[in-house]
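To convert, count from 1 in the sequence shown and add 43; that's my numbering.
Glycine included, every Cβ here is placed at the ideal spot set by N, Cα and C.
Note that the coordinates shown come from a computational prediction; the quantities given were computed from them, not determined experimentally.
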Amino acid sequence: MPTLFRLLVAIAFLVGLAYAGMFALSVLVEPQEREVTVRIPARDLFSDGPV
């Protein structure tokens, strides 16, 4: 039983590290705003078939 408990504690620790990393990224990293332009070919605009 101690081995199972140790495994569960190790998994919980790794999951906690993952959540802490995601939280740190969401709080500390600011995305850069920039304009995005996507060209759509005319044949895709006027086609009658599915995409």
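Going straight from the alpha carbon of residue i to that of residue j, what length do you get?
i: L88; j: E73; result: 35 angstroms
i: L50; j: G59; result: 14 angstroms
i: Q75; j: S90; result: 35 angstroms
i: A61; j: F48; result: 20 angstroms
i: L71; j: V79; result: 24 angstroms
i: A67; j: V52; result: 22 angstroms
Please classify residue i: does DSSP put it in a helix, a strand, or coil?
i: P13; result: This structure does not reach residue 13, given that the chain is present from 44 up to 94, and the question cannot be answered.
i: F89; result: coil
i: I83; result: coil
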